[in-house]
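First up is the structure itself, then whatever we jot down about it.
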Amino acid sequence: MFKGLLFIAVAIVYVKAQNSCDLIEWTGGQFDWPNSAIKSIYRSSGRYIPKNIIATRAQIFKDEVFLALPRYKPGVPVTLARVGLRQRGCEAVLEPFPCWASQEEGDPNALQSVVDLYLDENNIIWVLDIGVVNTLCQPIRRSPPKVVAINVLTGKKVKTLDLSGLVCQASRLQYVVVEYGPDGSPFVYVSDAATRSILVFDVAGNRGYRVVLPRCVAGSRRDVLYISLIHKAGCNNNFLVLTYLSGTKMYQIRTDYLRSGCAAGKIQDLGLKGGKLIILGTDLGSAIFFRYEGKPEVYRWEVGTLFQGYELVYKSPDCYLATQAIPDVGRHRIRVLESNFPDFIQDSVGCGASQRVALMISCINQ
-14 MFKGLLFIAV AIVYVKAQNS CDLIEWTGGQ FDWPNSAIKS IYRSSGRYIP KNIIATRAQI
46 FKDEVFLALP RYKPGVPVTL ARVGLRQRGC EAVLEPFPCW ASQEEGDPNA LQSVVDLYLD
106 ENNIIWVLDI GVVNTLCQPI RRSPPKVVAI NVLTGKKVKT LDLSGLVCQA SRLQYVVVEY
166 GPDGSPFVYV SDAATRSILV FDVAGNRGYR VVLPRCVAGS RRDVLYISLI HKAGCNNNFL
226 VLTYLSGTKM YQIRTDYLRS GCAAGKIQDL GLKGGKLIIL GTDLGSAIFF RYEGKPEVYR
286 WEVGTLFQGY ELVYKSPDCY LATQAIPDVG RHRIRVLESN FPDFIQDSVG CGASQRVALM
346 ISCINQ
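Just so it is clear: in the sequence shown, position 203 is 188 by my numbering, and no numbers are missing.
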């Protein structure tokens, strides 16, 4: 668990003139290529189409932002990248992480399509790779789904979790979070929207299982299943807050119940949401950030027994919507990854999607 969890003094931040550490932005995907010849080969072969590249999830470690670039469409040469927070210039340049060889589409040992990532307190980034590319046009399965653990200091792969035994053909894996149990062993939780399940993987025991959620959680549609890990001060147990995009309510469950493989009768109803709600992330403590579908306003909610008392903390600029709120632990801040994602989905982005990592909230420890 992170030392010194972030407790936030909230302020609405409208940033017009930001220095290079407060705002980085780019269009499509500009990469640090090994050389111009390789870039030319990728372009001519259709493996590099800048307008088909978009970052949807992120994590921050020191001066670097790690980005998930899902292979929604053809022409995405890199699916896991990093960018420096101190980059200067109008267009940020992305660098494959850990290297170019680890991104080769079609190689089952490489990353195929990263849709989410989670940085733990031991400097390990856990990467959810669904193994399916071109998901918005003609989906192709390149490898079984997996979670790959990479040391951010060395770039070395430390673990690969094969999820193929926990899924079915209809599965849609979407989000990943990680916690360490009382004995220090890591547990990985992955949301599977289609099967109304949380996949639980005991890393030390090298075993996984599927915890099926009650029918009431999904409601009428199993579209997007959001999960967020919450640490409540003075509580010996962590909680997983969860909700479906089209679901009417928020729920939570203690993670020790998930680790034991039983959710029956353990889900807590947190009340009505008031609309389609997108969970963006947490402050690594007891609060989550969210927005409503299609709306630029971002809210913070201190997780309690009822979904109420949330407050406005940020508003994305015109044409942008937030896809993740990202704790920047070293600077005691919360940043936001935002883009014109709806335009990208509708294939109306011109030369590429507009993307940025901006300062959302300045924080203090209490």
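Every residue, glycine too, gets a C-beta built ideally from N, C-alpha and C.
**Message:** With H, G and I counted as helix, E and B as strand and the rest as coil, what does DSSP make of S29?
**Reply:** helix
**Request:** May I ask which residues mark the beginning and end of the beta strand (DSSP E) holding A272?
**Result:** 272 to 277
**Item:** Residues near P309 in its chain [Cβ-Cβ closer than 8 angstroms; skip 5 each side]
**Value:** First, the residue type needs correcting, since residue 309 is Gln and not Pro in the sequence shown. If we look at Q309 and ignore the five residues flanking it on each side, its Cβ neighbours are T41, R42, A43, L265, G266, V321, L322.
**Item:** Best match in I9, S213, G190 for proximity to R73 [C-alpha to C-alpha]
**Value:** I9
**Prompt:** Would DSSP call I330 helix, strand or coil?
**Reply:** helix
**Request:** Flag D328 as yes if its beta-carbon sits less than 8 angstroms from any beta-carbon of chain B, otherwise no.
**Result:** Going by chain labels, chain B is absent from the structure shown, which holds only one protein chain.
**Asked** Excluding the five sequence neighbours on either side, which residues of its own chain have a C-beta within less than 6 angstroms of the C-beta of K251, listed in chain order?
**Response** I238, Y242
**Asked** In the DSSP assignment, what are the bridge partners of K131?
**Response** D114, D147
**Asked** Around the C-beta of V117, are 16 or more other C-beta atoms found within 10 angstroms, so that it is buried, or is it exposed?
**Response** buried
**Request:** With a threshold of 16 other CB atoms inside 10 Å of the CB of N20, please say whether the residue is buried or exposed.
**Result:** exposed
**Asked** Can you tell me whether DSSP reads N325 as helix, strand or coil?
**Response** coil
**Prompt:** How would you write the range of the alpha helix (DSSP H) that Y242 sits in, first residue to last?
**Reply:** 240 to 244
**Item:** Other residues of its chain near G91: CB distance less than 7 angstroms, five sequence neighbours each side excluded
**Value:** R127
**Prompt:** Just the Cα atoms here: how many angstroms apart are V132 and F292?
**Reply:** 31 angstroms
**Asked** Do you know how far the Cα of L102 is from the Cα of G166?
**Response** 19 angstroms
**Prompt:** Rounded to the nearest angstrom, how far is the Cβ of G140 from that of F82, given a contact under 8 angstroms?
**Reply:** 7 angstroms
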